[in-house]
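Notes follow once the structure below has been shown.
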Ligand code: HXC
């Protein structure tokens, strides 16, 4: 073969590999409203930056005559490229090739990019769309999954790991996304479950559709397994690009600063009247977040789940921060099992990756009731307490209104290591709300309604304010709400070089 013929051969081989499972299967994929693995990767990465690895890998099994069916790439497209000029590793299961199923060779490709991502210190993004374990390969496929799970765990807290579920993801295969930091699902086309509707019908006689059991809304709203939802593949890729911009490449770096034209001194007068006078009147905490954020941009995580707490990323003076905020508009912003777990995992992500935490607090306490107690609110609430206490990133708290009871301690209080604690003049920091307190304090004294009212007013004056806490140094400064943006930026600036040692240990034992 001449050199020219060898070049032509390479061209042909590349062309063939890039066709994946062929025209018919690609058309079927498109008809189902899904893009192919390569189309997804090209949308995800900066233009022309994708470097594909292992393009010609084949499976090695001979079971079920599989040696007669080999397709270049073996059902996964893997390699590296850039997002906003920053290195990321990626693997995308190719449903058009053996249903994107995991063979030994296919798993080895994923393992290879995961190991590279760990060694080079760059995020890994997995685009999942697969029929699961390749049945023809049996335990070799299961071994491949376990190798991936092991690396997911090793990489946890070292490099950001993000999963998009863009098609089927069933059986044990769900555990790789579950071990990663964030899961994004597409509406209609994606589903995740450990056992499918047919098995469920046989075992428990429940009838449920695939969508109800493991669709995007189910996992974004009910189970809390997924963190984000996109309309389609295209929007999903854009969301992944935006999300990665808030994260450092690895745990040894700071998150990238994005220059902003938004004035750091910008005051927002409307904030002064946003928290209602009436402590029982709800308001939207997201309004405060967006009003103080650079360019009013807030990237919310898990917007459909446990809406009594709000989490997400934003930037202040260009620096990424993680936001945790009680939401008075939903269940009065109470802490319960779901909201504690939602926030705790996010706090730990931010702490793992050096992203400062800004907490907005307006919390009437923990949700009472047998459902919560029997469900283990003690251990789940402890997760949030543990996560905030353990975090050594800069921690800044703003109490906007209620900070009652144990929830005051939990929500990044001074006592559990917050660096800057601010309060609005409307803050009420006390063991409990005035009515509850008066009922307990004077329960043996048979007070008339009039007397009760007086006592409530007395309690409010003495306790339902930020001044007692400020007198004790638990609150560093009482601020005008309109100044929140600048006050937070000042606090972030002051804490920039924070260096806090923790006692040597293998790892803590968070109440799981
Ligand atoms: C081998 C598979 C396969 C599998 C799909 N295919 N699943 N090949 N092993 N697990 C092949 C099909 O034969 C077909 O090949 C191609 O992929 C596309 O599949 P279709 O059925 O045509 O597509 P669709 O109608 O969209 O249905 C997709 C599907 C269905 C819902 C995923 O294929 C399905 O139910 N597959 C089985 C899923 C499953 O039970 N997997 C095991 C889960 S347990 P051709 O050549 O016709 O295109 C598991 C354990 C992991 O994964 C354990 C880890 C610890």
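In the working numbering, the protein residues as written are 29 to 540. All residues carry an ideal CB built from backbone N, CA and C; glycine is no exception. Given the structure is predicted, the values throughout are model-derived calculations rather than measurements.
DSSP-derived helix/strand/coil call for residue i
i           : result
residue 328 : strand
residue 99  : coil
residue 357 : coil
residue 225 : helix
residue 522 : helix
residue 538 : coil
residue 219 : strand
residue 395 : coil
residue 52  : helix
residue 389 : strand
residue 242 : helix
Burial state of residue i (16 or more Cβ within 10 Å)
i           : result
residue 304 : exposed
residue 229 : exposed
residue 131 : buried
residue 167 : exposed
residue 250 : exposed
residue 64  : buried
residue 31  : exposed
residue 483 : buried
residue 113 : exposed
residue 511 : buried
residue 513 : buried
residue 85  : buried
residue 118 : buried
residue 61  : exposed
residue 370 : buried
residue 151 : buried
residue 367 : buried
residue 156 : buried
residue 420 : exposed
residue 108 : buried
residue 213 : buried
residue 41  : exposed
residue 468 : exposed
residue 35  : exposed
residue 399 : exposed
Residue i: first and last residue of the uninterrupted beta strand (DSSP E) it sits in
i           : result
residue 384 : Premise fails: residue 384 is in no beta strand (DSSP E) and is neither H nor E.
residue 342 : 337–344
residue 210 : 210–214
residue 425 : 423–432
residue 347 : 347–354
residue 321 : Unbroken run through residue 321: none, as it is neither H nor E.
residue 189 : 189–193
residue 304 : Residue 304 -> no beta strand (DSSP E), and no H or E assigned at all.
residue 450 : 448–451
residue 457 : 456–458
residue 198 : 196–198
Residue range of the alpha helix (DSSP H) that includes residue i
i           : result
residue 141 : 132–148
residue 294 : Unbroken run through residue 294: none, as it is neither H nor E.
residue 489 : 477–490
residue 468 : 462–469
residue 36  : 31–46
residue 205 : 203–207
residue 410 : 405–418
residue 234 : That residue, residue 234, is in no alpha helix (DSSP H); it is neither H nor E in DSSP.
Integer Cβ distance of residue i from residue j, believed to fall under 8 Å
i           : j           : result
residue 424 : residue 386 : 5 Å
residue 153 : residue 116 : 6 Å
residue 139 : residue 179 : 6 Å
residue 261 : residue 302 : Residue 261 to residue 302, Cβ: 38 Å. No contact.
residue 71  : residue 190 : That belief does not hold up - the Cβ atoms of residue 71 and residue 190 are roughly 15 Å apart, past 8 Å.
residue 544 : residue 106 : A query on residue 544 cannot be resolved here, the shown segment of the chain reaching from 29 to 540 and no further.
residue 100 : residue 45  : 4 Å
residue 439 : residue 431 : 7 Å
residue 279 : residue 380 : 6 Å
Near the ligand SAM: residue i beta-carbon under 6 Å from a heavy atom
i           : result
residue 161 : The ligand SAM is not among the ligands present in this structure, which contains only the ligand HXC.
- Query: Which whole runs of the alpha helix (DSSP H) in the stretch 248–272 are 4 residues long or more, in chain order?
  - Reply: 261–272
- Task: Tell me the start and end of each unbroken beta strand (DSSP E) in the stretch 54–131 that is at least 3 residues and wholly inside, in chain order.
- Result: 79–81, 104–111 and 114–121
- Task: For the stretch 147–173, list the beta strand (DSSP E) runs that are entirely contained and at least 3 residues long, ordered along the chain.
- Result: 152–156
- Message: Which complete alpha helix (DSSP H) runs does the stretch 491–518 hold, if anything under 4 residues is left out?
- Response: 495–499
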